[in-house]
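Step one of this worksheet: look at the structure below.
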Amino acid sequence: MVFRKLPGVSASGMGLRLSQKFVFLLFLSGLVTLCFGALFFLPDSVRLKRIFLSKNENPAVTVGSDNELSKKVPGDPEHLRAGLKGGEGANVKLKVSRKPSVTHGARTVERSVGSRAQDERSPARAQEPAARDERVTSAAHNGERASAYSYEAFKKCLLKPALGKNKGTPSDSETLQRREKVKEMMKFAWDNYKRYAWGQNELRPLTRNGHIGNMFGGLRGASIVDSLDTLYIMGLMEEYEEAKEWVQNNLNLISNGEASLFEVNIRYVGGLLSAYYLTGAEIFKQKVVELGEKLLPAFNTPTGIPRGVINLGSSGTSWSWGWASAGSSILAEFGTLHLEFLHLSQLSGNPLFTEKVMNIRKLLNKIEKPHGLYPNFLSPVSGNWVQHHVSIGGLGDSFYEYLIKSYLMSDKTDQEAKKMYYSAMEAIETNLVQKSPGGLTYVAEWRGDGHLACFSGGMIGIGADDGPAEQKQHYLDLAAEITHTCHESYSRSATKLGPEAFRFDAGAEATATRLSDRYYILRPEVIESYMYMWRLTHDPKYRQWGWEAVEALEKHCRVDAGFSGIRDVYASTVSHDNMQQSFFLSETLKYLYLLFSDDDLLPLEDWVFNTEAHPLPVIRKTCLQEHGAKQDHGQTDLE
Ligand code: DMJ
């Protein structure tokens with residue numbers, strides 16, 4: 001626009017006429033109104049809350065409330081898969097909190113990296129250069145030190161042979177037959193994956209093709225990496241060799257996709273770590289350290305609390321899930337890195353991995369906990385809780401699991417983890433544990449979330465022995481009661497498989513009341529608790545319950561080309577969901593195999609299982625230091 005100076009008109013300041021000034025002011029005020037209004041469209045109007053509410057304003061603790069939280073399932077592969085495409089579910093409100101985990105396609109698409117929390121984008125991007133530097137430093141560390149890790153020293157520090165005296169072969173013939181059956185199931189699942197979906201992430205057994213999805217940011221072969229250790233401990237050596245060869249020649253870590261930090265960590269990092277520790281094959285160590293470095297930029301936030309989604313490419317950009325309240329990070333996601341990251345430091349010699357997770361620990365230890373409980377959503381920017389919803393099922397669960405397992409994996413030296421775990425347990429019992437009118441023990445927030453939380457029988461069981469003296473028996477009893485309740489959720493269905501979520505209200509006891517909660521996607525949690533409870537008590541009922549699950553899986557989930565989840569556990573004529581989840585091979589079948597094996601196969605004195613059932617060895621620092629001087633680059637397995 002050209003302004004002409006007219007006679008008689010004051011041309012003060014900018015040389016504008018009065019009417020022109022008026023138009024300009026009008027434009028300015030419009031702009032200001034627009035910017036202010038835009039604040040209201042941010043997720044949960046978080047900025048406004050920060051501006052107008054005091055920092056101390058704490059929302060009440062909510063437990064399993066159905067109404068406020070959206071029905072998003074973090075980590076849920078299908079949700080993630082669809083969500084990563086920027087699907088229809090962007091920013092839909094949660095209804096029921098669940099663990100970052102996996103479900104199947106029957107459910108609504110519920111999240112989107114496309115809907116990544118806008119308020120968190122700039123900080124993430126602002127930190128990219130630091131992220132890249134860190135990776136360079138890390139790579140240098142890796143080059144110098146990774147080869148220095150002594151596998152021989154590690155083996156010397158195990159108390160017992162990893163695979164037992166006789167690979168855990170049970171002496172009674174019935175148990176042996178059952179174990180053989182489980183091995184046959186694994187071979188069947190593997191052969192079909194190999195035939196129809198080789199190199200892709202999971203098998204679709206009805207359509208006989210592969211599924212890639214978006215959860216792993218362009219990484220492939222999730223079922224292969226998740227299966228390595230299961231194949232190895234089952235003695236399926238030909239299959240193990242195929243899997244190893246694929247990792248060597250085809251596992252391409254140069255990927256530019258957007259991945260779930262949690263899922264990549266528990267499946268790929270966990271799977272490769274276990275494969276290395278069990279076999280000593282250098283390739284697994286190289287791959288896992290390289291992959292670990294790609295995850296580091298996720299921690300470049302103002303607090304060091306990582307965001308949930310990371311670009312595995314050179315940018316290292318990270319985001320919070322679009323569905324997560326106010327750009328928050330999820331407790332069960334950032335709280336489920338500790339075990340793997342400690343081992344990444346062990347193998348690479350790079351302390352950075354440990355530093356990252358110790359920083360998370362420090363923040364969580366220090367922060368005020370409402371009623372002693374850890375809410376599920378935390379801002380990676382401010383380090384404050386964003387909502388006070390609490391759960392030991394979805395969104396919270398494996399954080400608690402990793403506290404007790406950190407203590408056990410540290411050779412019982414990590415006193416901080418121990419203290420945090422038992423204090424959390426106390427708070428959970430006081431606030432959440434209840435008994436149904438029919439006498440079933442359950443955790444209050446199971447109202448909308450049962451199956452995932454059933455891992456807690458095993459968790460409470462393995463933590464019992466190190467609890468306060470007067471509580472030991474109590475914890476063991478509690479673990480048994482919870483496992484019993486979870487078994488009830490199976491035995492009360494027509495298929496003898498348990499629903500995704502079960503309830504204890506409106507006359508319901510351990511049964512799903514909603515149609516949308518009735519599916520079973522080959523999940524392991526209930527069987528996981530049977531396995532731990534068997535090891536801890538040797539009560540034969542746990543093996544019997546495990547066998548019932550094998551029969552049910554065979555009858556309802558086995559199809560011509562693999563295993564599939566089902567849509568309704570209460571319908572005796574089943575409808576299949578066409579997905580053989582990778583955790584079926586890494587967890588469900590592994591826990592069943594261990595249940596029917598002698599206890600000396602992966603003895604619990606030496607091994608802790610990550611949340612995807614990948615065994616990681618106890619770190620015996622003093623012993624490792626004593627033997628650490630010895631270098632070896634050779635390959636020797638643990639048999
Ligand atoms: C697995 O990927 C892991 O167990 C995770 O911790 C939760 N969900 C699935 C199995 O249900």
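For what it's worth, UniProt numbering labels the leading residue of the sequence shown as 1, then goes sequentially. Just so you know, even glycine gets a beta-carbon here, dropped at the ideal spot from N, CA and C.
- Under the three-state reduction of DSSP output, P615 falls in the strand class.
- Along the length of the region 392–438, whole alpha helix (DSSP H) runs at least 4 residues long occupy 397–409, 415–431, reported in chain order.
- Bounds of any alpha helix (DSSP H) do not take in T441; it lies within the beta strand (DSSP E) bounded by 441–443.
- Inclusion of G546 and L592 in the CB contact set at 8 Å is warranted, their separation being smaller than that value.
- Contact fails between the region 598–615 and the region 539–554, because fewer than three Cβ pairs, one in each stretch, are under 8 Å apart.
- Distance from the CA of H371 to the CA of L553, rounded to the nearest whole angstrom, comes to 41 Å.
- Contact between D226 and F583 holds, since their C-beta atoms are separated by about 7 Å, short of 8 Å.
- DSSP places I482 in the helix class (H, G or I) of the three-state scheme.
- Remark: C-beta atoms of S410 and I619 approach each other more closely than 8 Å.
- The residue from L595, A259, A427 with its alpha-carbon nearest to that of V182 is L595.
- Of the candidates L206, V381, Q434, L206 places its Cα closest to the Cα of V559.
- Taking the C-beta atoms as reference points, T230 is found no nearer than 8 Å to M185.
- When I283, T336, N252 are compared, the shortest CA-CA separation from L312 is found for N252.
- Taking a C-beta distance under 8 Å as the contact criterion, R179 and S572 do not qualify as a contact pair.
- By the beta-carbon neighbour count (other beta carbons within 10 angstroms, threshold 16), A469 is exposed.
- Below 8 Å, enough C-beta pairs join the region 359–378 and the region 388–404 to call them touching: three or more.
- Non-local beta-carbon contacts of G221 in its own chain, meaning distances under 8 Å to residues more than five positions away in sequence, involve G199, Q200, N201, W246, V247, N250, L251 in chain order.
- Where F609 is concerned, the enclosing beta strand (DSSP E) starts and stops at 607–609.
- Considering only M215, P524, L342, Y519, the residue with the shortest C-alpha distance to K621 is L342.
- Per DSSP, the unbroken alpha helix (DSSP H) holding W534 starts and ends at 525–537.
- In this chain, V225 is not harboured by any beta strand (DSSP E); it is covered by the alpha helix (DSSP H) spanning 222–234.
- Counting C-beta pairs with one atom in each stretch, the region 256–270 and the region 333–342 have three or more that are closer than 8 Å, which means they touch.
- It is roughly 17 Å from the alpha-carbon of Y407 to the alpha-carbon of S345.
- About 28 Å separates the Cβ atoms of T495 and V433, ruling out a contact at the 8 Å cut-off.
- For T611, the shortest separation between its Cβ and any heavy atom of the ligand DMJ lies below 7 Å.
- Taking C-beta atoms as the reference points, V569 and S493 count as a pair closer than 8 Å.
- For the region 355–384, there is no continuous beta strand (DSSP E) assignment of 3+ residues that stays within its boundaries.
- At least one heavy atom of the ligand DMJ lies less than 7 Å from the C-beta of P524.
- The region 271–281 makes no contact with the region 351–366; the number of CB pairs closer than 8 Å stays below 3.
- The residue among K362, C486, A424 with its C-alpha nearest the C-alpha of H451 is C486.
- Relative to the Cα of N610, the nearest Cα in the group L158, L522, L272 belongs to L272.
- Taken from the Cβ of L452, at least one heavy atom of the ligand DMJ lies inside 7 Å.
- With respect to the C-alpha of F299, the residue from R307, G292, E293 having the closest C-alpha is R307.
- Distance from the CA of H211 to the CA of R195, rounded to the nearest whole angstrom, comes to 13 Å.
- With a cutoff of 8 Å on beta-carbon distance, I360 and I404 are scored as not near each other.
- With contacts defined as CB atoms closer than 8 Å, C157 and L624 qualify as a contacting pair.
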